[in-house]
Amino acid sequence: MKQRTFEKAHEQQWADLEHWLSYLEKPKKQKQVNSGQFPQLYRQVCQHLAIARDRHYTPHLVERLNRLVLRGHQHLYQTQTRLTAKIIHFILADFPQRVRQEWRLVGLSSLLFFGPLLSIFISIQMNPALVYSILDKEQVNMMESMYNPAVERLGRNREADSDFQMFGFYIQHNISIDFQTFAGGILFGLGTLFFLLFNGLYIGCIAGHLVHVGYSEPFFSFVAGHSSFELIAIVLAGATGLKLGMALIAPRRLTRLQALRHAANHSVYLIYGIIGLSVLAAFLEAFWSSSMALDPLIKYSVGGSLWLLLISYFILVGRNRAT
102 MKQRTFEKAH EQQWADLEHW LSYLEKPKKQ KQVNSGQFPQ LYRQVCQHLA
152 IARDRHYTPH LVERLNRLVL RGHQHLYQTQ TRLTAKIIHF ILADFPQRVR
202 QEWRLVGLSS LLFFGPLLSI FISIQMNPAL VYSILDKEQV NMMESMYNPA
252 VERLGRNREA DSDFQMFGFY IQHNISIDFQ TFAGGILFGL GTLFFLLFNG
302 LYIGCIAGHL VHVGYSEPFF SFVAGHSSFE LIAIVLAGAT GLKLGMALIA
352 PRRLTRLQAL RHAANHSVYL IYGIIGLSVL AAFLEAFWSS SMALDPLIKY
402 SVGGSLWLLL ISYFILVGRN RAT
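Written out as structure tokens, the structure reads:
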């Protein structure tokens, strides 16, 4: 391809990248544009530079493309660095601070979730037949087979062939529960209330029955490692859902729609953290919790330490940056 044809074919892309770079170099950007276009344009111009050098096009063209690539590399690197810094700041400051700001709703959500869980757990020890008020016989048999001390892998879905498949399954399962609990808030909080109570009863029912039939060691050694991340994620999802519900019930001087939008905008940062907790829970559940090679005492120690660390994280981390 002749240089003139090459320039004509790609001039628009070079102009677009030049426009992008001029925009990024402004001290104050007037408006936000689609940042997803920049990396693609940068990669294309890198290819054009390689072609121009290989075909020995004029030094003027090669130098022009080289300047664009150098400027683009600088801004792309800075963008990635800023993103990494934002993620670190979110973990070390924003997330725990926002959880503490909503401590009343977090406390209420904890009561609505852990209260039924502990109540049904204790009740089943006194009246084992209560398990069938929540679970049917088939579900009970399935839970017993999953946590039977004789199985090779605890908590394994029968149709899964690998821990990696279970990792994907647990991510979907955990996040679906969190989303239902959060999204239920748009029904004036009633949906969130239902899912907190139901999940508390469901988990407490399973735990109570497995302890009653003598499967306490395989069950607790399985859940110990990931339970802190998974259960706290449910509680925080409940708190965000209750926040949506409160915005609709008591919008104050705003319209209900305005109050809902305001609550949702504030809650989105908590949702990011909840997703992170659920993914960590899924990872531990798939690769750590299901292993029979580890001594139960090790799992209990790690699980207890993770509970302590996570609670300490929400209480202590980010306080020196709090406003």
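Going by our numbering, 203 is the number at position 102 of the sequence shown; the sequence numbering is gapless. Don't be surprised by glycine CBs; every beta carbon is placed ideally from N, CA and C. Quantities reported herein were computed from a predicted structural model and do not represent experimental measurements.
field: Contact set for residue 276: own chain, Cβ-Cβ below 6 Å, skip 5 residues either direction
entry: 379
message: Rounded to the nearest angstrom, what separates residue 213 and residue 355 at their Cα positions?
response: 28 Å
query: Taking DSSP as the reference, what is the three-state secondary structure of residue 372?
result: helix
- prompt: Which word fits residue 324, buried or exposed, when buried means at least 16 other C-beta atoms lie within 10 angstroms of its C-beta?
  reply: buried
field: Nonlocal neighbours in the same chain, by C-beta distance under 6 Å from residue 231, ignoring five residues either side
entry: 224, 225
- request: Determine, using beta-carbon pairs with one atom in the stretch 103-122 and one in the stretch 143-163, whether at least three such pairs fall under 8 Å.
  value: yes
- request: Please check the pair residue 114 and residue 163, which I expect to be a contact at CB under 8 Å, by giving their CB distance rounded to whole angstroms.
  value: Incorrect: roughly 16 Å between the Cβ atoms, too far for contact.
- prompt: Considering only the beta carbon of each residue, do residue 339 and residue 299 sit closer than 9 Å?
  reply: no
field: Residue interval of the alpha helix (DSSP H) (run including residue 405)
entry: 397-417
Beta-carbon proximity list for residue 199, same chain, < 6 Å, skipping 5 on both sides: 370, 371
task: Could you pull the start and end residues of the alpha helix (DSSP H) that residue 341 belongs to?
output: 328-350
message: Within 10 Å of its beta-carbon, does residue 386 have 16 or more other beta-carbons around it, so buried, or fewer, so exposed?
response: buried
query: Short check: CB of residue 201 to CB of residue 384, under 9 Å?
result: no
query: By Cβ distance, which residues of its chain are closer than 7 Å to residue 236, with the 5 residues on each side in sequence left out?
result: 306
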